[in-house]
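Residue numbers (the numbering used here): 546 to 778.
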């Protein structure tokens, strides 16, 4: 199950694979926003200046370096974990009003410099497996710090993971679906329910209005926020 989420909408899409073509089908050919993702190579068709890497995913990868059984990895991994934690704390303090924008950006710039220094050490000194991970993070440095250029860009894609929770519970409880029509229903009903939540609308009332429009052969009730004239990302 694929999912794309914005401030006003959630779209679920079933695809029988995790290839780039599925990502293109979900996002469309003219995506013009900023996408918060993990480092999965399938998103490489999106320009680097339109991507922000999810710091939660990165932090989990760093924890693996710090907890490695090989001594050469542990100090570098531990330092990187501390820096990632500092980024989260600084972001939260700025969002709560405890830091001015100037101090916020100054601290992040300092962390970024230390971050690159530790990754460069890791690319030389870590074991082969984690050297590659450090090299990838160095290569994707701009995508890690994109949020510094736009306050609206999130640090993580945690909201998308929360939106997926209903689907995960459904799948565990009902063992999935067994037909193409079932797949279509699942992705559509999940999209409606989660979008309704984001818009502050009752999904049940919205669904009733859709069914009524279908019976009466009238236009489906589309919230004003989702009309084409409204920016979606």
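Cβ atoms here follow ideal geometry from the backbone N, Cα and C, with glycine treated the same way.
Values in this document were obtained by computation on a predicted structure and should not be read as measured data.
Please name the residue, chosen from the options, that lies closest to residue i on a Cα-to-Cα basis.
i, options, result
"residue 745", "706, 553, 773", "553"
"residue 560", "742, 773, 735, 728", "728"
"residue 666", "586, 738, 610", "610"
"residue 713", "550, 557, 551", "557"
"residue 681", "631, 636, 740, 603", "603"
"residue 711", "738, 687, 698", "738"
"residue 695", "664, 578, 673, 565", "578"
"residue 706", "587, 601, 771", "601"
"residue 606", "664, 576, 734, 647", "664"
"residue 597", "630, 587, 685, 633", "685"
Among all the DSSP beta bridges, which residues are the ones paired with residue i?
i, result
"residue 549", "556"
"residue 582", "598"
For the alpha helix (DSSP H) holding residue i, just list the boundary residues, first then last.
i, result
"residue 737", "725–744"
"residue 759", "748–761"
"residue 620", "619–640"
"residue 643", "Neither: residue 643 is in no alpha helix (DSSP H) and is coded neither H nor E."
"residue 680", "673–684"
"residue 718", "703–719"
"residue 570", "565–572"
To the nearest angstrom, how far is it from the Cα of residue i to the Cα of residue j?
i, j, result
"residue 644", "residue 653", "12 Å"
"residue 716", "residue 730", "14 Å"
"residue 755", "residue 548", "22 Å"
"residue 651", "residue 718", "48 Å"
"residue 564", "residue 770", "31 Å"
"residue 753", "residue 698", "34 Å"
I'd like to know if the stretch 578–596 and the stretch 756–767 are in contact, where contact means that at least 3 CB-CB pairs between them fall below 8 Å. no
Specify whether the stretch 591–601 and the stretch 618–628 touch according to this definition: at least 3 beta carbon pairs, one from each stretch, less than 8 Å apart. no
Meets three-Cβ-pair contact criterion under 8 Å: the stretch 711–723 and the stretch 566–573: no
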